[in-house]
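Worksheet: one structure, shown below.
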Amino acid sequence: MNVGIDKIGFFTPNYYVDMVELAKARNEDPNKYLIGIGQTEQAVIPPTQDTVTMAANAASQIINDANRKKISLIIFGTETGVDNSKSGAIYLQNLLKLKREARAFEIKQACYGATAGIQMAKDFVKAHPEQQALVIGSDIARYGVATPGEVTQGGGAIAMTIANDPDIMELSSDSSVYSDDIMDFWRPLNKTEAVVDGHYSNDIYQDFFYKTIHNYLDNHDMTLAEFKALVFHLPYTKMGLKGLRKVLPEVSETKQTELLKEFEASRVYSKRVGNLYTGSLYLSLLSLLDNSSDLKANDKVGIFSYGSGAQGEFFVGTLKENFKNGERKLRIKQLLDERTKLSVSEYENMFNQWTNLDPDNFTGDVIDNSEFTFNGIVDEKRQYSTKKLTNS
Ligand code: HMG
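In our numbering, the protein residues as written are 11 to 402.
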C-alpha cells in the first residue's frame with residue numbers, strides 16, 4: 011500500500027534575531043555562527059505563542075473540508091508541552107474544529123516525537139486507508155542567554171497529514187532504529203532551559219546516524235548512491251553537514267557533489283529559524299522540496315531522525331508527482347521575510363518575558379497577527395483565540 015506524507019504546513023512566529031549581531035554581542039567571530047554553526051537568523055518566540063498556537067498556525071494551512079472529515083488520529087509531538095497532563099492534541103482538535111471521533115494525544119522523546127508519530131500514523135492509515143492522521147512537531151528550543159547553546163535556539167511547528175496515496179511522499183514500510191540511555195541533552199521537570207553536553211551530543215548524533223543508515227542499507231542490499239538526497243534532523247545546520255560528511259567517502263565525487271548540493275537546498279529554511287526540536291527534520295524536508303531545482307518524482311530521499319536521550323531512526327521517502335507546491339513556497343518566503351528583527355537586547359527581554367508572564371500585561375508591546383494566539387491564563391486555564399479559520 012502507498013502511504014505517506016500528503017501535506018506539510020510550517021509556522022514560526024514573527025520575530026527573529028540576526029546571528030551576526032548576536033555573535034558581536036557575545037564577542038565571537040560572526041563566521042563561527044554563520045559557517046561553524048551554519049545559522050544566519052534565529053526565531054524568537056513572543057509570549058503570545060506557545061506550542062499549541064504554533065501547531066494550530068501550521069496545521070490550519072493544510073486542513074480543508076475534505077481532510078477534516080477524514081482525520082481520526084491526532085499525534086502531537088513536543089518536548090515543550092503546555093501542561094503536565096492534558097495533551098496539546100486536544101487543544102488543537104478544538105482550535106481547528108477537527109472531528110471528535112478521533113484519537114488525540116501527545117508524545118515525547120526529545121526531537122524524535124514527530125517521527126514516532128509518523129510511524130504510528132503510517133501503520134494506522136495502512137489499517138484504515140480511508141482515514142488520515144495529523145502529526146505535529148511543535149517546540150521552542152531554549153538553552154539560555156549567553157550560553158554555548160544559545161546560537162542553536164529557535165522554535166516553530168510542522169504539521170503533516172499522513173494519508174493513503176499521498177501528494178508529497180510515500181514512506182518506506184520499514185526503517186532502521188537504534189536507542190540507548192545517553193545523557194547528551196535533557197530538561198529536568200523544574201527547568202525551562204535544556205541541560206546539554208554539547209560536544210558529546212554531536213558525537214552521539216553522528217554515531218546513531220552511521221549505525222542506522224548502514225543497518226538500513228545492509229538490510230535492503232542498497233548503496234548510498236541510490237539516494238537523490240539525505241535529510242537530517244537539524245539542531246543547527248552544520249550538524250547535518252557533519253553527518254553527511256561521515257558517509258560521503260562511500261560514493262563517487264560526482265555523487266558527493268550532488269548530495270552536497272541537495273543538502274544546501276535542505277538547510278535554507280533552518281538557517282533562518284534555528285532548532286524546532288521535533289519539527290526540525292521535517293523543516294529540512296520541506297526546504298529540500300521547495301528549494302531543490304533537480305528533484306523529480308520517484309527520487310529516493312534518505313531521512314535521519316534523532317532525539318537526544320537517545321533515539322535514532324533512518325527511513326526512506328519516495329517523491330510523488332505533486333511534491334512541489336508554489337503556493338506553499340511563496341507563503342513560507344513571506345512568513346520568513348516579513349518577520350520583525352529584534353536587537354540583541356530586545357531578544358533577551360522577550361526570551362526572559364516568556365517564562366515570567368505577568369498575567370495582567372504579559373504581551374507588553376508585542377504585535378502578533380497570527381491566526382491563533384495565546385491570551386494568558388484565567389483560573390489556571392490557558393486561553394486561546396482564533397482570528398479566523400482558513401480553508402474552512
Ligand atoms: P561551541 O563549543 O561554542 O562551538 O558549541 P565550537 O567551539 O565547537 O565551534 C563550533 C564550530 O564552529 C566548530 O566546527 C568550529 O571549528 C567552528 P566543527 O568542528 O564543529 O565542525 N568555528 C568556526 N568556523 C568558521 N569561522 C570561525 C569559527 N570559529 C569556530 N571563526 C555546540 C557548539 C553545537 C556544541 C553548542 O552550540 C551546543 O551545545 N548546542 C546545543 C546542543 C546541540 O545542538 N547538539 C546537536 C546534536 S544533539 C541533537 O541534535 C538533539 C537536540 O536537537 C535536542 C533534542 O533531541 O531534543 C539538541
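Positions of the beta carbon are idealized from the N, C-alpha and C atoms, including for glycine.
### Task
Go ahead and label N401 buried or exposed: buried means 16 or more other beta carbons lie within 10 angstroms of its beta carbon, across all protein chains shown.
Residue 401 sits at position 391 when you count from the first residue of the sequence shown. In this predicted model, N401 has a pLDDT of only 46, less than 50, meaning its place in the structure is not dependable; the value taken from the coordinates is given anyway. With fewer than 16 other CB atoms across the displayed protein chains lying within 10 angstroms of its CB, N401 is exposed.
### Message
Taking DSSP's pairing of strands, which residues face Q52 in a bridge?
### Response
To locate residue 52, count along the sequence shown from 1; it is residue 42. Paired residues: V27.
### Query
Which ranges would you report for the beta strand (DSSP E) in the segment 110-193 if only whole runs of at least 3 residues count?
The qualifying runs are 113-117, 142-151, 164-174, 179-181 and 186-189.
### Inter-residue spacing [alpha-carbon to alpha-carbon] between Q142 and G166
Working through the sequence shown from its first residue, we reach residue 142 at position 132. Working through the sequence shown from its first residue, we reach residue 166 at position 156. If you take the alpha carbons of Q142 and G166, they lie about 23 Å apart.
### Message
Would G147 and T288 be called neighbours here (beta carbons separated by less than 8 Å)?
### Response
As a position in the sequence shown, residue 147 is number 137, starting the count at 1. As a position in the sequence shown, residue 288 is number 278, starting the count at 1. G147 places its beta carbon less than 8 Å from that of T288.
#### Entry: Euclidean distance between Cα positions of D190 and G386
Counted from its first residue, the sequence shown places residue 190 at position 180. Counted from its first residue, the sequence shown places residue 386 at position 376. Whole-angstrom Cα-Cα distance: 39 Å.
### Task
Could you work out which residue in F372, I214, L144 and P56 is closest to V388 when comparing CA atoms only?
Along the sequence shown, one-based indexing puts residue 388 at 378. Nearest option by C-alpha distance: F372.
#### Entry: Reduced DSSP category for T22 - H, G, I as helix; E, B as strand; rest coil
Along the sequence shown, one-based indexing puts residue 22 at 12. Of the three classes helix, strand and coil, the one that applies to T22 here is coil, per DSSP.
#### Entry: Integer Cβ distance of G14 from P139, believed to fall under 8 Å
If you number the sequence shown from 1, residue 14 lands on position 4. If you number the sequence shown from 1, residue 139 lands on position 129. Between P139 and G14 the Cβ distance is about 12 Å, and since that is not below 8 Å, they are no contact.
### Message
Closer than 7 Å to a non-hydrogen atom of the ligand HMG - does that hold for the CB of I313?
### Response
For this step, residue 313 is matched to residue 303 along the sequence shown. Placement of the Cβ of I313 at a distance of 7 Å or more from every heavy atom of the ligand HMG is found.
### Task
Pull up the distance between the alpha-carbon of G336 and that of D149, whole angstroms please.
Locating residue 336 in the sequence shown gives position 326, where the first residue counts as 1. Locating residue 149 in the sequence shown gives position 139, where the first residue counts as 1. Rounded to the nearest angstrom, the two C-alpha atoms are 26 Å apart.
### Query
Closer than 8 Å, CB to CB, is I192 near chain C or not?
Looking at the structure shown, chain C is missing, and only one protein chain is on hand.
### Task
Provide the residue span of the alpha helix (DSSP H) that contains K397, from first to last.
Taking the first residue of the sequence shown as 1, we reach residue 397 at position 387. Unbroken run through K397: none, as it is neither H nor E.
### For R392, the residue or residues it bridges with in DSSP
Working through the sequence shown from its first residue, we reach residue 392 at position 382. Looking at the DSSP output, R392 shares a beta bridge with I387.
### Assigned exposure category for P245 - 16 Cβ within 10 Å defines buried
If you number the sequence shown from 1, residue 245 lands on position 235. Buried, by the Cβ-count rule.
#### Entry: Rounded separation between F384 and S395 - CA only
In the sequence shown, counting from the first residue as 1, residue 384 sits at position 374. In the sequence shown, counting from the first residue as 1, residue 395 sits at position 385. Rounded to whole angstroms, F384 and S395 show a C-alpha spacing of 7 Å.
### Task
My understanding is that E260 touches L234, with C-beta atoms under 8 Å, so please give their C-beta distance in whole angstroms.
As a first step, residue 260 must be located in the sequence shown, where it is residue number 250. As a first step, residue 234 must be located in the sequence shown, where it is residue number 224. At roughly 5 Å, the Cβ-Cβ gap stays under 8 Å, so E260 and L234 are in contact.
### Query
Who are the near neighbours of N41 in its chain, counting only those whose CB is closer than 7 Å to its CB and skipping five residues on each side?
Locating residue 41 in the sequence shown gives position 31, where the first residue counts as 1. Closer than 7 Å at Cβ, skipping near neighbours: no residue.
### Query
Terminal residues of the continuous beta strand (DSSP E) containing G312?
By one-based count along the sequence shown, residue 312 stands at place 302. Under the DSSP assignment, G312 falls in the beta strand (DSSP E) whose first and last residues are K310 to G317.
### Query
Tell me which same chain residues have a C-beta within less than 6 Å of the C-beta of L399, skipping the five on either side of it?
The count along the sequence shown starts at 1 and reaches residue 399 at position 389. Unreliable positioning characterises L399 in this predicted model, as indicated by a pLDDT of 49, which lies under 50. A coordinate reading is not provided.
### Task
Run the proximity test for P139: is its beta-carbon closer than 7 Å to any non-hydrogen atom belonging to the ligand HMG?
Position 129 of the sequence shown holds residue 139. Remark: the shortest separation between the CB of P139 and any heavy atom of the ligand HMG does not fall under 7 Å.
#### Entry: Helix, strand or coil at S402 [DSSP, three-state]
Counted from its first residue, the sequence shown places residue 402 at position 392. With a pLDDT of only 42 at S402, under 50, the local geometry of the prediction cannot be trusted, and the value read off the model is given with reservation. Residue state, collapsed to three classes: coil.
### Task
Could you pull out every residue in the same chain whose Cβ sits closer than 8 Å to the Cβ of I342, ignoring the five residues on either side in sequence?
By one-based count along the sequence shown, residue 342 stands at place 332. Apart from the 5 residues on each side of it in sequence, I342 sits with its Cβ closer than 8 Å to the Cβ of F20, Y279, L296 and D300 in its chain, given in chain order.
### Query
Looking at A33 and the ligand HMG, is the gap between the Cβ and the nearest heavy atom below 7 Å?
The residue labelled residue 33 in the question sits at position 23 within the sequence shown. No.
### Query
Quick one, are the C-beta atoms of F325 and I223 less than 8 Å apart?
Mapped onto the sequence shown, residue 325 falls at position 315. Mapped onto the sequence shown, residue 223 falls at position 213. Contact: no.
### Message
Determine whether the beta carbon atoms of L102 and A124 lie at a separation below 8 Å.
### Response
Numbered from its first residue, the sequence shown carries residue 102 at position 92. Numbered from its first residue, the sequence shown carries residue 124 at position 114. No, these two residues do not count as a Cβ contact at 8 Å.
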